[in-house]
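Undergrad: Structure below; questions to follow.
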Amino acid sequence: MIAAASWFVYNVSQMKNQLTFGLIIFLLFSTTVRADVREKLSQYVYEDTKELVVFVEDAAALIERDGIKAFTEYDQPSSRWHSDLYYLFVYDLDGNCVYHPIEKELVGMNLLNFKDIDGRPVIRLITDIGKNPLPDASGWAFYKWEVPWLASFPQWKSSYVRKAIAPDGKIYLIGSGLYNMKIEKSFVEQQVNKAAEMLLAEGKYKAFSSLKDPFLNYDILDSYITVINSQGEIEISANFPSIKLHHNIFNLVDKAGRNVGQEAARNLQDKDRLWTSYLWPKDSPAHLSRKLAYIRKVQIEHETFYILMDFFPALPIWMK
Amino acid sequence: MAKKPANLIYGLDDQPPFLTLLLLGIQHIFLMSSTLVLPVVLVSEIGGTFTQISSVVALTMIACGLGTIVQAMRWGIIGSGYVCPNLCGPNFFLASMDAAWIGGLPLMRGMTIVAGIVEALFSRFVHKIKFLFPPEITGLVVLMVAMGLIPLGVSKFVGINYPGEPIQALNVLVALLTLLVMIGVNVWGRGKIKLYSVLFGMVAGYLLSYFTGLISPEQFQQVIKSPYLANPFLVSAFAVTFNWALLPVFLIVSITGALKSFGNLIMCEKVNDDEWKEPDMKRISNGLTADSICVTVSGLLGGVASDTSASNVALSSASGATSRVIGYMAGLLFIVLAFSPKVSGLLSVMPMPVMGAILIFVTSFMIVSGIQIMIGAGMNIRKTFVLGISVIFALSLDMIPIIYASVPYYLQPLFSSSLTLCTVLAVILNQLLRIGEKFS
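Line by line, the protein sequences give chains A and B. Counting in our numbering, the first sequence runs without a single skipped number right up to 1734 at its last residue. Counting in our numbering, the second sequence runs without a single skipped number right up to 487 at its last residue.
Okay, structure coming up:
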């Protein structure tokens, strides 16, 4: 062992220049993530999500420091703000576009009432995040948008949006998004919680009407909100949005023979939200996969409702 | 009589000094631990408690340790006498997950036992089909086993776990430096220093990962919180159930695992014999029996099924140490450490770049071995078609799997892995193209 250690030390000393070069490269590659951002990152699984969040958080920090002068920095052609995959956009609280490097015509326009191909109020989803009183509030907006390199048709875009208060006190909403992202658990939690808060605030009839209304869709990347009553009957379903069929989720068993609905209702007796999972066919009836579901229990006007959204989580790339 | 290759520092029957033996054993158990995250994921997915997770990891370690020891022995019809350790690889993972989903840990245990028995039966008949496996096909099996390590190795090397994620530059840099240390020690190291190429690389990789934050503080917290000693045998965890519907899946993974072990054992023979010409089917048969015992014991104890580790076999080749006592030491260490959640926890948090670098380092040896065995058999036009066509279709399964999406249900087992497809095609083509051989 001593001989091994001496050999190693000798060879290392002989490679001083190479090591110095290596160290420089190493430091160049090393990126530091602020502690507050690191905490936000802990809720995400996928690296592309984390990278997008860091990108927007760093861009927001620039606005907080330099105000709109930051836009000049964003426009520098060789800067990190120019990526092949995503770009920054900035709106104010009223829905005025103040920065958009791809569709420059949008700058100066009020887009608060702009809707995507399915009728989602895209900019309103973004400005709603700014209504959160926290100075560094953030959230996700899901909508369909043109892909810069695909002129033909809009695709699902998941945008991370961050509130940034400039030195002059003006509030901006800065964001950036990726197309057809993998669904994170926190995306689902955000949508279900948003639907639950609306149900609590607006009451059953108004909220149900809003949940069914395509103008206020809560769906993300083909995962949908489902509402079930305390007897297990489906009140709102993406399969039959305009009619109520007498489907009862408490009669359904998954492919492992578990009655997930009844099980979840039992587990929700002493709490108001939970994650559960079950075995379900994915690409074909024979191809079973794990599906995750987030469920919120909401009690309103002496009635209990369960709001849920489910999705198939991504499998590791090396697993066939 | 096997001829010990000149590059081996410690051959099969040599006895390394105790400290060397200990370090070589540690080197192997680090590699064996590289996939311990799989039982953690599996039990977490079915909502298992922390105690259940620790228990399943520990029981998997005990079974793998036992399998490694039994494999290194030559006791009647059991054991090949080679260092061919077991680890909980990806082969059984999805099938075990299905079983755990459908019937919890008792069903996973039952199906694992069945898989072990199937492999035991296969192992007893494998010598009768020796004519199906001439050297060029055994070389091909070794090559395809090595190919099977590529997705895991490369994705860990570049720091990608899920589709769509960006390459992690820092991860690549740490992996590259780790790989360079291993290659450096192996290529320019003199004398016995080569024995520890992977250990040197791992130490460098762990340190770099620690200082660059690639090992998260949360991972360390979990390790710190774990107790030093614990009994992994849960009193309530000995129930065993069975499900006919899962039998086909477990039959497939059992045979795929056996084929992989077949390739690994051939590699062991090749590494230990300079004059290797063709597989010793009796020895391989005994090796497969040892592997089947490991799988069965894993099921009986309550661990996740394992198979023999290609990367550990390649590690023996890379380090020039194939002495069977290293197998005993690695197996024993794995069993002992299973009783310490703190140590097993530390082993199972291997950083991605370290795992990627090790897998690429050891897979290189295995790929070259496979090619050597094939080329060593001598080429002719028949073998060209047997090997060429098999490789083309096997690789097409990995490169463009979508074209096989509509394969009829009864043929799906054949397309479950490129190793299976390649082996079956090669065996059939070899028999077919031998028609009229003696007249040509």
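Glycine included, C-beta positions come from ideal geometry on N, C-alpha and C.
So what's residue 1444 of chain A in DSSP terms, helix, strand or just coil?
TA: The residue labelled residue 1444 of chain A in the question sits at position 30 within the first sequence. Because the pLDDT of residue 1444 of chain A is 49, which lies under 50, any placement of that residue in the model is unreliable, and the number read from its coordinates should be weighed accordingly. Coil, per DSSP.
Undergrad: Show which residues of chain A have a CB atom less than 9 Å away from the CB atom of residue 56 of chain B.
TA: Mapped onto the second sequence, residue 56 of chain B falls at position 9. Per Cβ cutoff of 9 Å: no residues; residue 56 of chain B is ~13 Å from chain A at best.
Undergrad: Go ahead and pull the three-state DSSP assignment for residue 1523 of chain A.
TA: What you label residue 1523 of chain A is simply residue 109 of the first sequence in a count that begins at 1. It is coil, neither helix nor strand.
Undergrad: Enumerate, from N- to C-terminal direction, the unbroken alpha helix (DSSP H) stretches of 4 or more residues contained entirely within the stretch 330-374 of chain B.
TA: Complete alpha helix (DSSP H) runs here, min 4: 357-366.
Undergrad: Would you kindly check if the distance between the Cβ of residue 1723 of chain A and the Cβ of residue 1590 of chain A is under 8 Å?
TA: Here residue 1590 of chain A corresponds to residue number 176 of the first sequence, with the count starting at 1. Here residue 1723 of chain A corresponds to residue number 309 of the first sequence, with the count starting at 1. In this structure, residue 1723 of chain A does not lie closer than 8 Å to residue 1590 of chain A by Cβ.
Undergrad: Which residues, taken in chain order from the stretch 376-399 of chain B, show a beta carbon closer than 7 Å to some beta carbon of chain A?
TA: Those residues of the stretch 376-399 of chain B that come within reach of chain A (Cβ to Cβ, closer than 7 Å) do not exist; the list is empty.
Undergrad: Does the separation of the CB atoms of residue 127 of chain B and residue 337 of chain B fall below 8 Å?
TA: If you number the second sequence from 1, residue 127 of chain B lands on position 80. If you number the second sequence from 1, residue 337 of chain B lands on position 290. In contact: residue 127 of chain B and residue 337 of chain B (Cβ atoms closer than 8 Å).
Undergrad: Residue 1708 of chain A versus chain B: which residues are under 8 Å apart at the beta carbon?
TA: Numbered from its first residue, the first sequence carries residue 1708 of chain A at position 294. Chain B residues near residue 1708 of chain A: none, gap ~15 Å exceeds 8 Å.
Undergrad: Whose C-beta lies closer than 6 Å to the C-beta of residue 1513 of chain A among residues of the same chain, with five residues either side of it excluded?
TA: Residue 1513 of chain A sits at position 99 when you count from the first residue of the first sequence. Hits under 6 Å: 1485 and 1504.
Undergrad: Between which two residues does the beta strand (DSSP E) containing residue 1689 of chain A stretch?
TA: Residue 1689 of chain A sits at position 275 when you count from the first residue of the first sequence. Unbroken beta strand (DSSP E) run through residue 1689 of chain A: 1687-1695.
Undergrad: For the alpha helix (DSSP H) containing residue 253 of chain B, list its first residue and its last residue.
TA: Counted from its first residue, the second sequence places residue 253 of chain B at position 206. 244-258 is the span of the alpha helix (DSSP H), which, as asked, contains residue 253 of chain B.
Undergrad: Rank B/272, B/277 and B/335 by C-alpha distance to the C-alpha of residue 301 of chain B and give the top, closest one.
TA: Residue mapping note: residue 301 of chain B aligns to position 254 of the second sequence, counting from 1. Out of B/272, B/277 and B/335, B/335 has the C-alpha closest to the C-alpha of residue 301 of chain B.
Undergrad: Nearest to residue 466 of chain B by alpha carbon, out of B/440, B/455 and B/456?
TA: Along the second sequence, read from residue 1 onward, the residue named residue 466 of chain B stands at position 419. The candidate whose alpha carbon is nearest that of residue 466 of chain B is B/440.
Undergrad: At the level of alpha carbons, what is the spacing between residue 1465 of chain A and residue 202 of chain B?
TA: For this step, residue 1465 of chain A is matched to residue 51 along the first sequence. For this step, residue 202 of chain B is matched to residue 155 along the second sequence. In a straight line, the C-alpha of residue 1465 of chain A is about 18 Å away from that of residue 202 of chain B.
Undergrad: Taking Cβ-Cβ distances below 8 Å as the criterion, which residues of the stretch 1667-1682 of chain A are in contact with chain B?
TA: Those residues of the stretch 1667-1682 of chain A that come within reach of chain B (Cβ to Cβ, closer than 8 Å) are 1669, 1670 and 1671.
Undergrad: Taking 8 Å as the CB-CB limit, is residue 291 of chain B close to chain A?
TA: Locating residue 291 of chain B in the second sequence gives position 244, where the first residue counts as 1. No, residue 291 of chain B lies away from the interface with chain A (no Cβ there is under 8 Å from its Cβ).
Undergrad: For a test of the three-state rule: what should DSSP assign to residue 315 of chain B, helix, strand or coil?
TA: For the purposes of this step, residue 315 of chain B is taken as the residue at position 268 of the second sequence. Three-state result, residue 315 of chain B: helix.
Undergrad: For a contact defined as C-beta to C-beta under 9 Å, what are the partners of residue 1722 of chain A on chain B?
TA: On the first sequence, position 308 is the one that residue 1722 of chain A refers to. By Cβ distance, chain B contributes nothing, its closest Cβ being about 17 Å from residue 1722 of chain A, past 9 Å.
Undergrad: How should residue 446 of chain B be labelled, buried or exposed, when 16 other C-beta atoms within 10 angstroms of its C-beta is the threshold for buried?
TA: Working through the second sequence from its first residue, we reach residue 446 of chain B at position 399. When all chains shown are included, residue 446 of chain B counts as exposed.
Undergrad: Could you name the residues of chain B that residue 1687 of chain A contacts, counting a contact when the two beta carbons are closer than 8 Å?
TA: The count along the first sequence starts at 1 and reaches residue 1687 of chain A at position 273. Correct list: empty, because the minimum Cβ distance to chain B is about 16 Å.
Undergrad: Excluding the five sequence neighbours on either side, which residues of its own chain have a C-beta within less than 6 Å of the C-beta of residue 136 of chain B, listed in chain order?
TA: For the purposes of this step, residue 136 of chain B is taken as the residue at position 89 of the second sequence. If we look at residue 136 of chain B and ignore the five residues flanking it on each side, its Cβ neighbours are 82 and 354.
Undergrad: Cβ closer than 8 Å: which chain B residues qualify as neighbours of residue 1454 of chain A?
TA: The residue labelled residue 1454 of chain A in the question sits at position 40 within the first sequence. Going along chain B, no residue has its Cβ under 8 Å from residue 1454 of chain A, so there is no contact; the nearest lies around 15 Å.
Undergrad: Could you check whether the Cβ of residue 1598 of chain A sits closer than 8 Å to any Cβ belonging to chain B?
TA: Here residue 1598 of chain A corresponds to residue number 184 of the first sequence, with the count starting at 1. Closer than 8 Å: no.
Undergrad: Does the Cβ-Cβ distance between residue 1602 of chain A and residue 1708 of chain A come in under 8 Å?
TA: By 1-based counting over the first sequence, the position of residue 1602 of chain A is 188. By 1-based counting over the first sequence, the position of residue 1708 of chain A is 294. Yes. Within cutoff.
Undergrad: Looking only at its chain, what residues have a beta carbon closer than 7 Å to the beta carbon of residue 166 of chain B, apart from the 5 residues adjacent to it on each side?
TA: Numbered from 1 along the second sequence, position 119 holds the residue referred to as residue 166 of chain B. Excluding residues within five positions, the ones whose Cβ falls inside 7 Å are 301, 304, 305, 335, 338, 339 and 342.
Undergrad: Looking at the C-beta of residue 211 of chain B, does it have a partner C-beta in chain A at a distance below 8 Å?
TA: Position 164 of the second sequence, counting from 1, holds the residue named residue 211 of chain B. Yes - at least one Cβ of chain A is within 8 Å of the one on residue 211 of chain B.
Undergrad: Mind checking residue 94 of chain B: buried by the 16 CB within 10 Å criterion, or exposed?
TA: In the second sequence, the residue the question calls residue 94 of chain B occupies position 47. Exposed.
Undergrad: How would you write the range of the beta strand (DSSP E) that residue 210 of chain B sits in, first residue to last?
TA: Translated into the one-based positions of the second sequence, residue 210 of chain B becomes position 163. Segment: none, residue 210 of chain B is in no beta strand (DSSP E) and carries neither H nor E.
Undergrad: On the DSSP bridge list, what partners appear for residue 1714 of chain A?
TA: As a working note, residue 1714 of chain A is residue 300 in the first sequence. In the DSSP output, where bridge partners are listed per residue, residue 1714 of chain A has A/1717.
Undergrad: If you draw a straight line from the C-alpha of residue 1524 of chain A to the C-alpha of residue 1537 of chain A, how long is it?
TA: Locating residue 1524 of chain A in the first sequence gives position 110, counting from the first residue. Locating residue 1537 of chain A in the first sequence gives position 123, counting from the first residue. Distance between the alpha carbons of residue 1524 of chain A and residue 1537 of chain A: 9 Å.
Undergrad: So which residues on chain B does residue 1728 of chain A lean against when the C-beta distance must stay under 7 Å?
TA: Here the question's residue 1728 of chain A lines up with position 314 in the first sequence. Result: 209 and 210.
Undergrad: Which residues in chain B have a C-beta closer than 9 Å to the C-beta of residue 1574 of chain A? List them in chain order.
TA: Taking the first sequence and counting its residues from 1, one reaches residue 1574 of chain A at position 160. By Cβ distance, chain B contributes nothing, its closest Cβ being about 15 Å from residue 1574 of chain A, past 9 Å.
Undergrad: For a contact defined as C-beta to C-beta under 7 Å, what are the partners of residue 268 of chain B on chain A?
TA: On the second sequence, residue 268 of chain B is found 221 positions in, with the first residue counted as 1. None at all; the shortest Cβ gap to chain A is about 13 Å.
Undergrad: Name the chain A residues whose beta carbon is nearer than 9 Å to that of residue 145 of chain B?
TA: What you label residue 145 of chain B is simply residue 98 of the second sequence in a count that begins at 1. In chain order: 1670, 1693 and 1702.
Undergrad: Just how far apart, CA to CA, sit residue 362 of chain B and residue 61 of chain B?
TA: In the second sequence, the residue the question calls residue 362 of chain B occupies position 315. In the second sequence, the residue the question calls residue 61 of chain B occupies position 14. Cα to Cα, residue 362 of chain B sits roughly 17 Å from residue 61 of chain B.
Undergrad: With 16 other CB atoms within 10 Å as the buried threshold, where does residue 1681 of chain A fall?
TA: As a first step, residue 1681 of chain A must be located in the first sequence, where it is residue number 267. With fewer than 16 other Cβ atoms within 10 Å, it is exposed.
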